[in-house]
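Start counting the sequence shown at 12; every next residue gets the next number (our numbering).
Just so it is clear, CB atoms sit at the ideal spot from N, CA and C, and this is done for glycine as well.
Structure, as structure tokens:
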Amino acid sequence: MEYPVWHLAAFGGGFWIILIAVLHVFVAHFAVGGGLFLVLTEARARRLGSAPLLEYLHRHTRFFLLLTMVFGGLSGVGIWLTITTLAPQATLVLVRTFAWGWATEWAFFAGEIGALLVYYYGFDRLDAKTHMRVGFFYFLFAFLSLFAINGIIGFMLTPGKWPVTLDFWDGFFNPTFWPSLVLRSALALLLAGLFGFATALGIRDETAREIMLRMSCRWVVAAAPVLLLSGWWYVGVLPDAVRAFVLHRSQEIASYRAAYPALLVALAAGALALVTRLPLPLRRVFAVVLLLLGLGLVGTFETIREAARKPWLVYGQLWATDIRPTSVAPYDAPFLPRTKWAKIKRVTPENRLAAGKELYDLQCLACHSVGGPFKDIRDYTGHIGAAGVAAYLTGQGKLFTQMPPFLGDKDERDALAAYIAEGINGKKPVKPKPVSIEPVTVDLPAFDAASSPYLLIGFNSLGVVATAGCDGSFSLSVPGNTLEAVLIRRDVMPEVVTKDVTLAYAAPEGFKHPAARSDFWKYSKALVGKELAPDVSLTGLRPDGEMKAGDKLFAAAGIPVTPYPEKGGVNPYPVFTLTARDAKTGEVLAATKAVAPASTEMRCHTCHGGAPGVDGVTGVSTETAKGILAVHDRRNGTDLSARAAAGNPVACQSCHPDAGPNAGVSAKDGKALLSLSAAIHGFHASYLAGGDAKVCANCHPTAPDGVTQAQRDNHSAAGVTCVNCHGYMEDHALSLLRHERMVGKKAADWLMKPLTPRSVAAVSDVKPRAAWMQEPDCLTCHKDFMLPGTHATAFNTWTANATQLFRNRKEYTGNVPCAACHGSPHATFVAVNDYGVDINNIPGMQYMGVPGVVGSGKRCDVCHTVEMEGGEVHHPNMVKE
């Protein structure tokens, strides 16, 4: 914000600082350990009176001087030049905070140079004692230089008490000072040994060569365990959040964590191999390999340290973007007007991409190159469009804190997302494929209010059964629709009949073989632990069969249904035929139709890449599913991608408990992991924050222009959205997560931390609820069964348990389920979408000739054979409906 940005594009993302710094650190540590190596080697050579060793030492010193003083000095200047151009604000913080520290270090460095020059050029001119004394002073100055630099570098990761006291010594002797000093000292000794191998192999005298090789080996082998233990000490003193990130949260660091001890073992083993009687040419190869492994060790440690510090340049003070958090609060205020060097101050439709580029340069280029070798932004975003990038930016820095939060308002966020998607990745906006839906006319069985002895009403327990439709990759829920039915003998006092009656259900033509276009049956053994016959559900039902009689209700739980007709296309609303017969005579008592809604409409491809899997309008494609599994594996250390590739896809519920009717399998350890609903909503809420009911349609089939249009009830027609009942995405997630935390699942805290409720004042005001068991209570808004107020909301008032759910409730007499007369959840009457009135309002159309709640408009004659006067038997206010 305060300084112009050095626009590097392909070589952005910290490429130059990484290249220069790793090489400089490699050489600088050798300069420290190598100084002691010189002194001790000379002492031994003079004690043994070995001319070959002294000759070797003279040559080694020349190499040492050229590498450490010339290259080391120049690369040090290169670091200063690079950091002052890439991160001037952070450089100023370090200079101002440690002005005397830097001055002291430069004094030590000057002493190094002088001592080393005297040591080299005085090799044959000074007496032995004076010469060794000069060598010792070189080592002392080199170590003191490391001592000074160590405090400043450690401050960048662990400033300790300094932010409060602003005291020089609090910043210098920070929490990581001592473990870092021990680690770096051991690293210096190890590198001295490695370079000793490289130069000792040039000694012609075999005895002298073997002496130096064994000496170098001891340095390496002795330093390796110290490096391992001090590394663990170093991690142990990190702040809790940083330590958790390094050890658990970051899978990107995991490979470096594993590489660090592996490299130490390899270096120690290689050092031991070098002192065996191997051929000299092979030893030289070993020496080069060990030097490269040493460079890798330096790079590994520095990578872990730098990654642990992210998103900060100076922990808690300056982000990696060289921006002070205190200078940009509030973070969601327009950003461009507050930057000195931005040419564009306000986003407009005309300058959207240009403004996005300005934002990219200011907030992204510090870490992400464009087409470069390091953290190329295209590797992270090339598979998605602007909407997906915008979601990334919304969640940036919330759950995974290695990146700072996006700074700016919604227009700026969308401008940056558009620039990344269109300007960098070349992904122009793609309009969703138009959905062509023809209204359906349902051929309903005849009903005569004057003479029909029975009334049969069928309904679905859920407004729609949603599956992902990518069973070859993973299963979010299993196919299986529950149809329920009530058979009523019409009379003055109607009676619900279940005895001596059979009730059959039959799928429409084209839906008799759901396995024809679904992979669920192919992978059922892996997904649910059972080898299922094609077209047979987990509960043993087929598309045609008989319902079971229960408590004044018939039900068939788990009818295998998909939204894919056998001949192609998509139809989320197959209409089943229900037929009640006399169990003894087979006489048809009544017949009706009922919809068994099923959908695979999920828009995961928005953020995970790919496209809809079926007809361009529905289903999670294999490409999208692979993207989802890859993220899960990277974030959680799982192997789901490999298992899916091997033909063993996983059901999400095998790990995450799910009380939903279509879970299909029980979690292996339900006490440890979050419920599936809490995990999914809790994770995605950080990325979809700030949205309205449209956010829900990213995962649920509720989009008004989608192929399913599952939110089709009278509430929707009145302008009531998901938010009115379930709360905004943040509220909804918090209610689930608070329940998980209440039952002792600590992972809920991590997902809750970045969320701010929008329907209530504080997180503590959000009432916990168990997924699927507790939902919004209808009577919260419909008090005494009256019409709700203008701004009524059901959020935060949950049913006590599953028996009070709308889909499980019955009217006051306890005979008829609420859903039989009012319709299924999210499809209550009058229900309307592009599929027409008939298919969504079958009971009303069949028994009253008009859509609506059964019996509304004083149509008691649907069940009663005489005119009813007064009374509100089923529930209050029913006469006014």
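Option nearest Ser529 by Cα separation, candidates Tyr575, Gln815, Thr337: For the purposes of this step, residue 529 is identified with residue 518 of the sequence shown, where counting begins at 1. Taking each of Tyr575, Gln815, Thr337 in turn and checking the Cα distance to Ser529, the smallest one comes out for Tyr575.
Of the choices Ala605, Arg316, Asp788, Gln328, whose alpha-carbon is the least far from that of Leu177? Counted from its first residue, the sequence shown places residue 177 at position 166. Relative to the Cα of Leu177, the nearest Cα in the group Ala605, Arg316, Asp788, Gln328 belongs to Gln328.
Measuring CB to CB, does Ala279 end up less than 8 Å from Ala235? As a position in the sequence shown, residue 279 is number 268, starting the count at 1. As a position in the sequence shown, residue 235 is number 224, starting the count at 1. Their beta carbons are under 8 Å apart, which means Ala279 touches Ala235 by this criterion.
Using 8 Å as the threshold, is the C-beta distance between Val475 and Val581 below it? Here residue 475 corresponds to residue number 464 of the sequence shown, with the count starting at 1. Here residue 581 corresponds to residue number 570 of the sequence shown, with the count starting at 1. It is not a contact, given that the beta carbons lie outside the stated cut-off.
Beta-carbon separation (whole angstroms), Asp795 vs Asn888, contact threshold 8 Å: The residue you call residue 795 lines up with position 784 of the sequence shown. The residue you call residue 888 lines up with position 877 of the sequence shown. Indeed they touch by this definition, with Cβ atoms about 7 Å apart.
My parser needs the alpha helix (DSSP H) runs of 4 or more residues fully inside the stretch 246-328; what are they? Listed in chain order, the complete alpha helix (DSSP H) runs (minimum 4 residues) inside the stretch 246-328 are 251-255, 262-285, 291-320.
Which of the three DSSP states is assigned to Val381 in this structure? Numbered from its first residue, the sequence shown carries residue 381 at position 370. Val381 falls in the coil class under three-state DSSP.
Between the beta-carbon of Met784 and the beta-carbon of Ala813, is there less than 8 Å? In the sequence shown, the residue the question calls residue 784 occupies position 773. In the sequence shown, the residue the question calls residue 813 occupies position 802. At the C-beta level, Met784 and Ala813 come within 8 Å of one another.
Nearest by alpha-carbon distance to Ile570: which of Gly863, Leu65, Leu552, Lys559 is it? For the purposes of this step, residue 570 is taken as the residue at position 559 of the sequence shown. Nearest C-alpha to Ile570: Leu552.
What do you get for Arg136, buried or exposed, if any count of 16 or more other CB atoms within 10 angstroms of its CB means buried? To locate residue 136, count along the sequence shown from 1; it is residue 125. Here Arg136 is exposed. Its C-beta has fewer than 16 other C-beta atoms within 10 Å.
May I ask which residues mark the beginning and end of the beta strand (DSSP E) holding Leu78? The sequence position of residue 78 within the sequence shown is 67, counting from 1. In the DSSP assignment, Leu78 falls outside any beta strand (DSSP E) and carries neither an H nor an E.
Assigned secondary structure, Ser652 (DSSP; H/G/I helix, E/B strand, else coil): Position 641 of the sequence shown, counted from the first residue, corresponds to residue 652. Annotated three-state conformation of Ser652 is helix, per DSSP.
Could you give the distance in angstroms between the alpha-carbon of Trp330 and the alpha-carbon of Phe154? The sequence position of residue 330 within the sequence shown is 319, counting from 1. The sequence position of residue 154 within the sequence shown is 143, counting from 1. Going from the Cα of Trp330 to the Cα of Phe154 covers about 31 Å.
Glu634 in three-state terms, based on DSSP: Position 623 of the sequence shown holds residue 634. In this structure, Glu634 counts as helix in the three-state DSSP scheme.
Hey, would you say Ile723 sits closer than 8 Å to Ala838, going by beta carbons? Along the sequence shown, one-based indexing puts residue 723 at 712. Along the sequence shown, one-based indexing puts residue 838 at 827. Here residue 723 turns out to be Arg, not Ile, going by the sequence shown. With contacts defined by Cβ atoms closer than 8 Å, Arg723 and Ala838 form a contacting pair.
Could you give the uninterrupted runs of the beta strand (DSSP E) lying entirely in the stretch 449-515, keeping only those of 3 residues or more? Correct list: 465-471, 492-500.
Would you kindly report the start and end of the unbroken alpha helix (DSSP H) that includes Ala657? Within the sequence shown, residue 657 is the residue found at index 646, counting from 1. For Ala657, there is no enclosing alpha helix (DSSP H), as DSSP marks it with neither H nor E.
So what's Arg820 in DSSP terms, helix, strand or just coil? Within the sequence shown, residue 820 is the residue found at index 809, counting from 1. Correct three-state label for Arg820: coil.
For Ala662 versus Gly671, is the C-beta spacing smaller than 8 Å? Locating residue 662 in the sequence shown gives position 651, where the first residue counts as 1. Locating residue 671 in the sequence shown gives position 660, where the first residue counts as 1. With contacts defined by Cβ atoms closer than 8 Å, Ala662 and Gly671 do not form a contacting pair.
Round the Cβ separation of Gly305 and Leu202 to the nearest angstrom and send it over; I've been treating them as touching at under 8 Å. Translated into positions along the sequence shown, residue 305 becomes position 294. Translated into positions along the sequence shown, residue 202 becomes position 191. Here Gly305 really is in contact with Leu202; their C-beta atoms are around 6 Å apart, less than 8 Å.
Leaving out five residues before and five after His886 in sequence, what residues of the same chain have Cβ atoms less than 8 Å from its Cβ? As a first step, residue 886 is located in the sequence shown; it is residue number 875 there, counting from the start. When the five nearest sequence neighbours on each side are left out, the beta carbons in the same chain lying within less than 8 Å of the beta carbon of His886 are those of Phe796, Glu822, Tyr823, in order along the chain.
Euclidean distance between Cα positions of Val16 and Ala365: One-based indexing of the sequence shown puts residue 16 at position 5. One-based indexing of the sequence shown puts residue 365 at position 354. Spanning the alpha carbons of Val16 and Ala365 requires a straight line of approximately 16 Å.
Give the range of the alpha helix (DSSP H) segment to which Pro672 is assigned. As a first step, residue 672 is located in the sequence shown; it is residue number 661 there, counting from the start. For Pro672, no alpha helix (DSSP H) encloses it, and the DSSP letter there is neither H nor E.
Below 8 Å between beta carbons: does that hold for Val497 and Leu600? Within the sequence shown, numbered from 1, the residue matching residue 497 stands at position 486. Within the sequence shown, numbered from 1, the residue matching residue 600 stands at position 589. 8 Å or more divides the Cβ of Val497 from the Cβ of Leu600.
To the nearest angstrom, report how far apart Val706 and His379 are at their CA atoms. Taking the sequence shown and counting its residues from 1, one reaches residue 706 at position 695. Taking the sequence shown and counting its residues from 1, one reaches residue 379 at position 368. Straight-line Cα distance between these residues: approximately 28 Å.
Limits of the beta strand (DSSP E) - the one that Phe565 falls within: Working through the sequence shown from its first residue, we reach residue 565 at position 554. Here the beta strand (DSSP E) through Phe565 covers 565-570.
When we look at the beta-carbon of Met753 and count the other beta-carbons within 10 Å, is it buried (16 or more) or exposed? Sequence index remark: in the sequence shown, residue 753 carries index 742 (1-based). Classified as exposed, Met753 has fewer than 16 neighbouring CB atoms from the shown chains inside 10 Å of its CB.
Please go through the same chain and pick out, in chain order, the residues whose beta-carbon is closer than 6 Å to the beta-carbon of Met859, but skip the five residues on each side of it. For the purposes of this step, residue 859 is taken as the residue at position 848 of the sequence shown. Taking C-beta separations shorter than 6 Å and ignoring five residues to either side along the sequence, the partners of Met859 in its chain run Arg870, following chain order.
Does the stretch 186-205 come close enough to the stretch 240-253 to have 3 or more Cβ pairs within less than 8 Å? The stretch 186-205 vs the stretch 240-253: in contact.
Any idea what DSSP makes of Leu589, helix, strand or coil? The count along the sequence shown starts at 1 and reaches residue 589 at position 578. In the displayed model, Leu589 falls within a strand according to three-state DSSP.
Residue environment, Asn659, which counts as buried when at least 16 other CB atoms sit within 10 Å: Position 648 of the sequence shown holds residue 659. So Asn659 counts as exposed.
Output needed for Pro54: all residues of its chain with C-beta closer than 8 Å, excluding positions within five of it in sequence on either side, in chain order. Along the sequence shown, read from residue 1 onward, the residue named residue 54 stands at position 43. Reading the sequence as shown, one finds Ala at residue 54 and not Pro. Taken in chain order, the residues that qualify are Met143.
Best match in Met504, Asp562, Ala781 for proximity to Glu878 [C-alpha to C-alpha]: Stepping through the sequence shown from its first residue, residue 878 is reached at position 867. The residue with the shortest Cα to Cα distance from Glu878 is Met504.
Round the Cβ separation of Arg70 and Tyr131 to the nearest angstrom and send it over; I've been treating them as touching at under 8 Å. Taking the first residue of the sequence shown as position 1, residue 70 is located at position 59. Taking the first residue of the sequence shown as position 1, residue 131 is located at position 120. Contact doesn't hold; Cβ gap of about 11 Å is too wide.
Can you tell me which of Lys438, Glu495, Arg501, Asp138 puts its alpha carbon nearest to the alpha carbon of Ser463? Counted from its first residue, the sequence shown places residue 463 at position 452. The closest CA to that of Ser463, considering only Lys438, Glu495, Arg501, Asp138, is found on Arg501.
Taking the alpha helix (DSSP H) that Pro623 belongs to, which residues open and close that run? Within the sequence shown, numbered from 1, the residue matching residue 623 stands at position 612. It is not in any alpha helix (DSSP H) - Pro623 instead sits in the beta strand (DSSP E) that spans 623-625.
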